[in-house]
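Colleague: I am attaching a structure below and will ask some questions about it afterwards.
Protein chains: 2
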Amino acid sequence: MSDLAAFLDSFDERDWQEADAADGPVRFAMVGVGWWVTDQAAPAVAASELCETTVLVSRGKEKAAQAAADLGVAHGLSSAEFADGVAADDYDAVYVCTPNAAHLETVETAAALGKPVLCEKPMEASAERAEAMIEACEAADVPLMIAYRMQTDPVVRRARELVAAGTIGDIAHVHGHMSQSLLRDMFSDPDQWRLNPELAGPGASVTDLGVYPLNTTRFVLDADPLAVQSMLYSEHEGFEDVPDERAAFTVRFPDGVFASFSASQQAHETGFLRIVGTEGEIALDPAFFNRNDAGLTVARGEQAAEIDFDPVDQMEEEFDYFADRLLTGREIYPDGEHGLTDIRAVEAILAGETEMRTL
Amino acid sequence: MSDLAAFLDSFDERDWQEADAADGPVRFAMVGVGWWVTDQAAPAVAASELCETTVLVSRGKEKAAQAAADLGVAHGLSSAEFADGVAADDYDAVYVCTPNAAHLETVETAAALGKPVLCEKPMEASAERAEAMIEACEAADVPLMIAYRMQTDPVVRRARELVAAGTIGDIAHVHGHMSQSLLRDMFSDPDQWRLNPELAGPGASVTDLGVYPLNTTRFVLDADPLAVQSMLYSEHEGFEDVPDERAAFTVRFPDGVFASFSASQQAHETGFLRIVGTEGEIALDPAFFNRNDAGLTVARGEQAAEIDFDPVDQMEEEFDYFADRLLTGREIYPDGEHGLTDIRAVEAILAGETEMRTL
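Chains as they are written, first to last, in the working numbering: chain G, 8 to 366; chain F, 8 to 366.
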């Protein structure tokens, strides 16, 4: 019983934190002022004790200044001003939240300015550009973290610990899915960057959504993918430039672990991750979305535990993790090489459907 | 509200039944006296109003006679006696529950005796033998049903109706899984027919378990598979003669519907089926196993209904459906052609792993 008490008591403990408010704050320039920055990242940082937003950057000066005024941020800069190093003394690190294919350029600017980088996922539009990002940061000796918000969510960290402790035995199968209705529920305009390969990379659903179950599985299993199979489908006119309005892809991990994933930008908003082992099963359901209702079920043999917990602000956890690593000079887990592995998998999945046996 | 009342009130109604006890009973010869017959099928038939078991058949006379005595069944016959038509006037139909590769021979005997056949899934060990079974029944003009117990479970029938009514929009993705620990929890002897290709066909997990999510999806979606991809893994010594201790296979259905399935005979006992559409989602969880806790969740947009219901005896429903069809002379849904489609899919899945892109 005391083991269960300890498990519950420490459920949302920040097992990674060493710094405190007195060590900070880490002051951020956020590049990109889309809804993810204004509605998710900036409010999370405003609530954080380790972080602060001092600069917002957008392509146009006016939009940046307006967003800065709205959010009470000191500086609103155009991309050109940012590239010129304007106000560089007023921030310590850069958060990159532009369209995927603009990540590299932004990171190169940050690296040139000697600023550590927190870069949104997917890392870039191609493996080649992701590699260039890693090189730019290494050459400038600035830390690079890829913003996998699931990895600092306590429920995902506990799932990883349970797997590592052998709670469900050897892992056999994983199922994961993430879908949303991009054009209906989120953006009415089909002319948007997530559907434009020039800005988003070669896909829409795998690139933006499929990486969630894929990367979360990598983290929970502490394993990297070996090979992939994929089926792809695009029919809606909004998806005519991308192959993956829907995608189903199977990922082979070491020791014969098979992960069956799917993703769609044109379906009901839902997500789950389910891991079946030889002795039990772990389910995150819902996962990725509906963060306030996130659930964890752990079955082992005939017994099962359904864990209820208060949700964290995933973005606050993520920013604080990054800030803590910077403040204590420790290694970052989801670094550039980690992000590059996903980009290589995404490229392989989107390179075209793999062989099918017709019936 | 009245629609919900009607939905709940008629949830487990037998939408297929036209006959009643006065029309029956249909008297069965059950061939095979393994645990599925003694613990599942025979008790279900004993409880049924439309069916009765009058004959049990096993390879050896003694085992058959003992089982008949134990279960209060009139005749216990050897296979040879059955083939010779002993007691043929005392049964109306034949239930086939032998190892897969012995189905054809048993069905041929039944057909020669002019008896309708309820044959366990998977239908046979190969498509060629399944085709021969269909021909034998057609030549003798005897009805043939494949025993897909999920198809007469009310929760599955309601799921099918909900899909047909457009409750979750157009179907986009399906995930399904079924696994059990064959050697640990069920049979301690690794020398058993489910792991012997001569008796079970070319696989162990896809053949015996994978057909559940596959066939249930076909039924719920009212659609047949077009193509498959597969990954296969066998490592445990008990599985040295079969390729699929674990299998992950993706099935392409018409209209770009992708189904991600997995199955293992060497993992935690669990099963689920999840269907994501453009407007909502249906989950059967648990499914296939744990029939007393079977759950149904239906989400549509922001709303969701979790349906609780009393479980039925799946085998009683299945036998009564078959008996009802015989008594009323109506067409059988899961017929030989229906079962053959699964066997062709299983063969394609087990023909070897399909192309993978290595990372």
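Think of the CB as a built atom: it goes at the ideal place given N, C-alpha and C, for glycine as much as any other residue.
If you draw a straight line from the C-alpha of E20(F) to the C-alpha of L333(F), how long is it?
Modeller: Counted from its first residue, the second sequence places residue 20(F) at position 13. Counted from its first residue, the second sequence places residue 333(F) at position 326. Their Cα atoms are separated by approximately 20 Å.
Colleague: Mind pulling the beta strand (DSSP E) runs of 3 or more residues that sit fully within the stretch 251–319 of chain F?
Modeller: 253–260, 264–271, 273–284, 287–291, 303–307 and 310–314
Colleague: Give the DSSP-derived three-state secondary structure of F18(F) in the structure shown.
Modeller: For the purposes of this step, residue 18(F) is taken as the residue at position 11 of the second sequence. Reduced to three states, the DSSP call for F18(F) is coil.
Colleague: Tell whether a beta-carbon distance below 8 Å holds between G83(G) and A90(G).
Modeller: Taking the first sequence and counting its residues from 1, one reaches residue 83(G) at position 76. Taking the first sequence and counting its residues from 1, one reaches residue 90(G) at position 83. Contact flag unset, no.
Colleague: Closer than 7 Å between beta carbons: that is the criterion. Which residues of the stretch 339–365 of chain G meet it against chain F?
Modeller: R351, A352, A355, A358, T361, E362, M363, R364 and T365
Colleague: Mind checking if G210(G) is an interface residue toward chain F, Cβ cutoff 8 Å exclusive?
Modeller: Locating residue 210(G) in the first sequence gives position 203, counting from the first residue. Judged by the 8 Å Cβ criterion, G210(G) is not in contact with chain F.
Colleague: Please check if any C-beta of chain G sits within less than 8 Å of the C-beta of T285(F).
Modeller: In the second sequence, the residue the question calls residue 285(F) occupies position 278. It does; some Cβ of chain G falls within 8 Å.
Colleague: For a test of the three-state rule: what should DSSP assign to S153(F), helix, strand or coil?
Modeller: Reading the second sequence from its first residue, position 146 is the one you call residue 153(F). It should be noted that the sequence gives Ile, not Ser, for residue 153(F). I153(F) falls in the strand class under three-state DSSP.
Colleague: Can you tell me where the alpha helix (DSSP H) with Y328(F) in it begins and where it stops?
Modeller: Translated into the one-based positions of the second sequence, residue 328(F) becomes position 321. Counting along the chain, the alpha helix (DSSP H) containing Y328(F) begins and ends at Q321 to T335.
Colleague: Less than 8 Å separating the beta-carbons of T5(F) and V235(F)?
Modeller: Lying before the first or after the last residue shown, residue 5(F) is absent from chain F, which here runs from 8 to 366.
Colleague: Indicate the three-state DSSP secondary structure (helix, strand or coil) for H243(G) in the structure shown.
Modeller: Locating residue 243(G) in the first sequence gives position 236, where the first residue counts as 1. The answer is coil: DSSP assigns H243(G) none of H, G, I, E or B.
Colleague: Contact between the stretch 33–45 of chain F and the stretch 269–283 of chain G: three or more CB pairs below 8 Å?
Modeller: no
Colleague: Less than 8 Å between the CB atoms is what I'm expecting for L239(G) and N107(G), so what's the real figure, rounded?
Modeller: Numbered from its first residue, the first sequence carries residue 239(G) at position 232. Numbered from its first residue, the first sequence carries residue 107(G) at position 100. About 18 Å; that fails the 8 Å criterion.
Colleague: From the beta carbon of S267(F), is the nearest beta carbon of chain G less than 8 Å away?
Modeller: As a working note, residue 267(F) is residue 260 in the second sequence. S267(F) counts as touching chain G.
Colleague: State the Cα-Cα distance for the pair P259(G) and L366(F), rounded to the nearest angstrom.
Modeller: Within the first sequence, the letter at position 252 stands for residue 259(G). Within the second sequence, the letter at position 359 stands for residue 366(F). It is worth fixing the name first, because residue 259(G) is Arg in this sequence and not Pro. Distance between the alpha carbons of R259(G) and L366(F) is about 10 Å.
Colleague: I282(F) and I178(F): beta carbons closer than 8 Å?
Modeller: As a first step, residue 282(F) is located in the second sequence; it is residue number 275 there, counting from the start. As a first step, residue 178(F) is located in the second sequence; it is residue number 171 there, counting from the start. It is a contact, given that the beta carbons lie within the stated cut-off.
Colleague: Residues of chain F with a CB under 8 Å from the CB of V235(G): which are they?
Modeller: Walking along the first sequence from the start, residue 235(G) turns up at place 228. In chain order: M363, R364 and L366.
Colleague: At a CB distance below 9 Å, what residues from the stretch 115–137 of chain F approach chain A? Give them in sequence order.
Modeller: This model lacks chain A altogether, as its protein chains are G and F.
Colleague: What residues from chain F crowd round S271(G), counting only those whose CB sits closer than 7 Å?
Modeller: Residue numbering aside, residue 271(G) sits at position 264 when the first sequence is read from its first letter. What S271(G) touches in chain F: A179 and H180.
Colleague: State the DSSP-derived secondary structure class of C144(F), mapped to helix, strand or coil.
Modeller: As a working note, residue 144(F) is residue 137 in the second sequence. DSSP places C144(F) in helix when its eight states are reduced to three.
Colleague: Three Cβ pairs or more, each shorter than 8 Å: is that satisfied between the stretch 182–189 of chain F and the stretch 212–225 of chain F?
Modeller: yes
Colleague: Spell out the partners DSSP gives V101(F) in its beta bridges.
Modeller: Translated into the one-based positions of the second sequence, residue 101(F) becomes position 94. DSSP output for V101(F) lists A36(F) and V124(F) as bridge partner(s).
Colleague: Against chain F, does R298(G) count as a neighbour if the rule is that its beta carbon must be under 8 Å from one of theirs?
Modeller: For the purposes of this step, residue 298(G) is taken as residue 291 along the first sequence, with counting starting at 1. No - not a single Cβ of chain F is within 8 Å of the one on R298(G).
Colleague: Tell me, to the nearest whole angstrom, how far the beta carbon of R364(F) is from that of A358(G); I am working on the premise that it is less than 8 Å.
Modeller: Counted from its first residue, the second sequence places residue 364(F) at position 357. Counted from its first residue, the first sequence places residue 358(G) at position 351. Sure, about 7 Å apart at Cβ, within 8 Å.
Colleague: How far does the alpha helix (DSSP H) with I356(G) in it reach, from first residue to last?
Modeller: Here residue 356(G) corresponds to residue number 349 of the first sequence, with the count starting at 1. I356(G) -> alpha helix (DSSP H) spans G343 to L357.
Colleague: Quick one: is A118(G) buried, meaning 16 or more other Cβ sit within 10 Å of its Cβ, or exposed?
Modeller: Here residue 118(G) is taken as the residue at index 111 of the first sequence, counted from 1. Its Cβ being crowded by 16 or more others within 10 Å, A118(G) is buried.
Colleague: Can you tell me which residues form a DSSP beta bridge with I339(G)?
Modeller: Here residue 339(G) corresponds to residue number 332 of the first sequence, with the count starting at 1. Bridge partners of I339(G): none, in fact.
Colleague: Suppose the cutoff is 6 Å on Cβ atoms and the five residues either side in sequence are ignored; what does the same chain contact list for F329(G) look like?
Modeller: For the purposes of this step, residue 329(G) is identified with residue 322 of the first sequence, where counting begins at 1. The answer, listed in chain order, is L125 and M152.
Colleague: For chain F, is any of its Cβ atoms less than 8 Å away from the one on F232(G)?
Modeller: Here residue 232(G) is taken as the residue at index 225 of the first sequence, counted from 1. The sequence given here places Pro at residue 232(G); Phe does not occur at that position. P232(G) counts as touching chain F.
Colleague: From the beta carbon of I153(G), is the nearest beta carbon of chain F less than 8 Å away?
Modeller: Working through the first sequence from its first residue, we reach residue 153(G) at position 146. Cβ-Cβ to chain F under 8 Å: no for I153(G).
Colleague: What's the C-alpha gap between A166(F) and R66(F)?
Modeller: Within the second sequence, residue 166(F) is the residue found at index 159, counting from 1. Within the second sequence, residue 66(F) is the residue found at index 59, counting from 1. Approximately 40 Å, taken between the alpha carbons.
Colleague: My guess is that E288(F) and T348(G) are in contact by the Cβ rule of under 8 Å, so how many angstroms apart are they, rounded?
Modeller: For this step, residue 288(F) is matched to residue 281 along the second sequence. For this step, residue 348(G) is matched to residue 341 along the first sequence. Rounded, the Cβ-Cβ distance is 30 Å, inconsistent with contact.
Colleague: DSSP state of V235(G), grouped into three classes?
Modeller: As a first step, residue 235(G) is located in the first sequence; it is residue number 228 there, counting from the start. In this structure, V235(G) counts as strand in the three-state DSSP scheme.
Colleague: Where does A94(F) sit, in a helix, a strand or coil, going by DSSP?
Modeller: Looking up residue 94(F) in the second sequence gives position 87. Three-state DSSP puts A94(F) in coil, outside helix and strand.
Colleague: Between A312(G), A49(G), E323(G) and F326(G), which has its C-alpha nearest L15(G)'s C-alpha?
Modeller: Indexing the first sequence from 1 puts residue 15(G) at position 8. Among A312(G), A49(G), E323(G) and F326(G), the Cα nearest to that of L15(G) belongs to A312(G).
Colleague: What residue range does the beta strand (DSSP E) around V114(G) cover?
Modeller: Counted from its first residue, the first sequence places residue 114(G) at position 107. Element bounds for V114(G): not the beta strand (DSSP E) but the alpha helix (DSSP H), H110 to A119.
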